[in-house]
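Throughout, my numbering is defined as the position within the sequence shown, counted from one, plus 443. Glycine is no exception: its CB is placed at the ideal position from the N, C-alpha and C atoms. This one's a predicted model, so the numbers in the text were calculated from it and none came from an experiment. The next block holds one structure in the form of structure tokens; read it before the comments.
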Amino acid sequence: MAGELGHPEIVEEALDILIIGGGMGACGAAYEIGPWLEAAKARGVDLKVKLVDKAAMDRSGAVAQGLSAINTYLGENDPADYARMVSNDLMGITRDDLTYDLGRHVDDSVHLFEEWGLPIWKQPGDEGKPLIKGGKPVRSGKWQIMINGESYKWIVAEAAKKGLGTERIREHVFIVKLVNDKHDKNRIAGAVGFSVREHKVYVYTCKACLLVAGGCVNIFRPRSVGEGIGRAWYPVWNAGSTYAMAAEAGAELTMMENRFVPVRFKDGYGPVGAWFLLFKAKATNAYGEVYMETNRKLLDDFPPYGQAKVPAACLRNHLMMQEIREGRGPIYMDTVTALGRLSETMTPREIKHLEAEAWEDFLDMCVAQAGVWAGENIEPQKKNSELMPTEPYLLGSHSGCCGIWVSGPEDLGAPTDEEHPDHDKIPDHLPSGWSWGYRGMTTVTGLFTAADGVGASGHKFSSGSHAEGRIAAKAMVKFCMDHKDHRPELDTPVAQLVEEIYKPVRNYLAHKDDTTAIDVNPHYITPKMLQLRLQKIMDEYVAGVSTMYQTNAKMMQVAETKLEMLKEDAEKMRAKDLHELLRAWENHHRILAAEAHMKHIQFREETRYPGYYYRMDFNFIDEENWKCFVNSIYDKETGIWTCFKRAHVDLVDKSKLFK
Ligand code: SFD
Ligand code: AMP
């Protein structure tokens, strides 16, 4: 019967624009798109839009718990300097066109957040004065500003809902796959998904689609075990949907070898930025030695990036990991010295306030860490806390740059100024293959992305993700106007799509009575077991925590075979209810994202990111052969990944970065 497990109701909807996700990128798009839709309407084109989120927008995505800082606010800084910083932190291989473009737009989103009610810390004397009116923010670092951000996502989602209208939003629907066009396999025609609350399958057709479903978490075995297993740094519900669905649709991915291994407060995954930047704390080995000083000479092994005035995050990790490898752990954040020094000139009342800020940093964005402090009797002014490099994460908006290759802005090119060392070598337009008309469009016609989806950039964080969603929304409306007579047609019959989605349910219903123990069955595997298997493979062979982030070609050969077998077994995943159906499809997405990661690491024969991963058979940076993008295309029919190089060009002079 329709509406029961195994008999979903089918809901079909014809749209012009589909937004997949409800996070920072999607909220940016939802807010921005309104006026452009009005402009289109004024020209006689009434565009139908829908936003679909697997969760509830008020608390979905990476900002769910809130944040205590906005890490990208330029203010007085120059966007070219921002592009330089991003390039430096990501070891020289980023797209200056994308980062510069983001840098010149991001502040507008921050000004909106403040207008919508987000409290942004101000310098003494400027309290209550908005940024836009010249209020000076409390900067933790050159690019970061402090906020009272527990309700950050609520505030941003409210504006998005108001902008788009709740009738154009559907929550609790997980998108499983994109569908290409019947008449053009390199064009998007729609997407399919299912409700995680009701037995309903949704089939959308669209001319343009914004795929902003975040990054990828839980492909590696996490450090948390047993009762803490759900604990991770990036949100566990970001399951690689962006990368997997784009790859299956035929989009070119870029820099999927990149990962982020954040250093975090141990066990709770609490943020370190405020401690390093605002409180000026230092990290030490077990003997109180500051490894950033004692191990500084190790930076010389990785020219030219080791000579940067600010060493990249992966290189900072590298110096820390040396201590762990050589047996001088645990690593500590020296909170005692930092707070002690700050409080030297303070009144007791001011000291109490400072201590409260230390707690608030966690309470605003990582409550679990405050729980660890409380549970372990840690008062940061009296006792230092352990730090630990975590398991790897795939993302394109935080301190990582994996993602999808997109079209850059049309109005930017290489600098023509005579002082640029390469001014006579670079054409005054973007390098070939960097821009094809619609900012944020992937190599699949009509498929756009933003935020964690856009590769080869990074350091956008929450504010930049929002801004990039806004940029994409505008480009999508333009695309729809330019293609207003196009009629998308799905390349697969709806009944077949529904059967594909419900396969895990069919596996369960067909075989559930073969055993008495529901989780043990010769014909199916539970999503949980399959996920554990994926994590074990990635952890042990593709540079997870158990090998201290080391791998080589031979290990990846093993991983390749094991992943192939895992993919075969994934077809046998069971779903005994909608929750497991969600988990099953998240796993499919995770496996593809993991496979892309592995294939790219395999292809890049160097160690571009020491401290994130080490190719022990090529344990050096090879500027001559590998200062280039590694891109890939996946063929969903054959299951074959093709990796290739794309030339890298610096559009902004990077010499200022080095000593
Ligand atoms: O401390 C589907 N981030 C920080 N940014 C800052 O500005 N300051 C900070 O302080 C930050 N830090 C931080 C951050 C994130 C996290 C988790 C922690 C700490 C603990 C980074 C930003 O949050 C991040 O850059 C942006 O949120 C990225 O935006 P976006 O849009 O790419 O992803 P999202 O917000 O996670 O949203 C994803 C959405 O997709 C939905 N979704 N919907 C339908 N179908 C599917 N298949 C789907 N799969 C996913 C999700 O529900 C969600 O709505 S700190 O470390 O530096
Ligand atoms: P995190 O809490 O590690 O996510 O960092 C928040 C922000 O601070 C990001 O913009 C980081 O790049 C930056 N950051 C963190 N630690 C350092 C550090 N030791 N030196 C410079 N920047 C840092």
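Judged by beta-carbon spacing, residue 1016 lies beyond the 8 Å limit of residue 995, meaning their Cβ atoms are not closer than that value. Looking at the DSSP output, residue 994 sits in a beta bridge with 1058. DSSP places residue 1028 within a helical segment (H, G or I) once states are collapsed to three. DSSP places residue 580 within a strand segment (E or B) once states are collapsed to three.
Within a 10 Å sphere around the beta-carbon of residue 1022 sit fewer than 16 other beta-carbons, which makes this residue exposed. Taking all protein chains shown into account, residue 823 has 16 or more neighbouring C-beta atoms within 10 Å of its C-beta and is therefore buried. With at least 16 other beta carbons inside 10 angstroms of its own, residue 622 counts as buried.
DSSP places residue 1078 in the strand class (E or B) of the three-state scheme.
For the pair residue 937 and residue 456, the CB atoms are not nearer than the 8 Å cut-off.
Inclusion of residue 907 and residue 515 in the CB contact set at 8 Å is warranted, their separation being smaller than that value. Listed in chain order, the non-local C-beta contacts of residue 981 below 6 Å within the same chain comprise 662, 663, 987, 1037, local neighbours out to five positions each way being set aside. The beta carbon of residue 804 lies closer than 7 Å to those of 511, 714, 717 in the same chain, with the five residues before and after it left out.
Per DSSP, the beta-bridge partners of residue 832 are 706.
Residue 972: member of the alpha helix (DSSP H) spanning 970-984, first to last residue. Within the model, the alpha-carbon separation for residue 640 versus residue 525 is close to 43 Å.
With 5 Å as the limit, the residues whose C-beta approaches any heavy atom of the ligand AMP more closely are 514, 714, 715, 716, 719, in sequence along the chain.
For residue 677, the Cβ falls inside the 7 Å cut-off from some heavy atom of the ligand SFD. According to the DSSP assignment, residue 1063 belongs to no beta strand (DSSP E), since it is labelled neither H nor E. Annotation for residue 825: 779 place their beta carbon closer than 8 Å to its own, counting only its chain and skipping 5 residues before and after. Taking a 10 Å sphere around the C-beta of residue 875, we find fewer than 16 other C-beta atoms and assign the residue as exposed. Residue 450 has 447 as its beta-bridge partners, per DSSP.
In the DSSP assignment, residue 967 falls outside any beta strand (DSSP E), carrying neither H nor E. 8 Å or more divides the Cβ of residue 484 from the Cβ of residue 461. If you look at residue 818, you'll find it isn't in any beta strand (DSSP E); it sits in the alpha helix (DSSP H) that goes 810-818. The region 936-956 and the region 639-656 touch, with three or more beta-carbon pairs separated by less than 8 Å. Runs of alpha helix (DSSP H) with 4 or more residues, each lying fully within the region 750-802, are found at 756-768, 778-786, listed in chain order. In the displayed model, residue 685 falls within a helix according to three-state DSSP.
For the set 477, 853, 748, 601, the Cα lying nearest the Cα of residue 1099 is the one of 748.
Per DSSP, the beta-bridge partners of residue 455 are 646. Along the length of the region 520-559, whole alpha helix (DSSP H) runs at least 4 residues long occupy 522-532, 539-558, reported in chain order.
Judged by their CB atoms, residue 993 and residue 1057 are nearer to each other than the 8 Å cut-off. Within the region 877-925, the runs of beta strand (DSSP E) that reach at least 3 residues and sit entirely inside it are, in chain order, 890-892. For residue 844, there is no enclosing beta strand (DSSP E), since its DSSP letter is neither H nor E.
Taking one beta carbon from each stretch, the region 596-611 and the region 555-565 have 3 or more pairs nearer than 8 Å; the two touch.
Secondary structure at residue 854: coil, using DSSP grouped into helix, strand and coil. Assigned with DSSP and collapsed to three states, residue 937 falls in helix.
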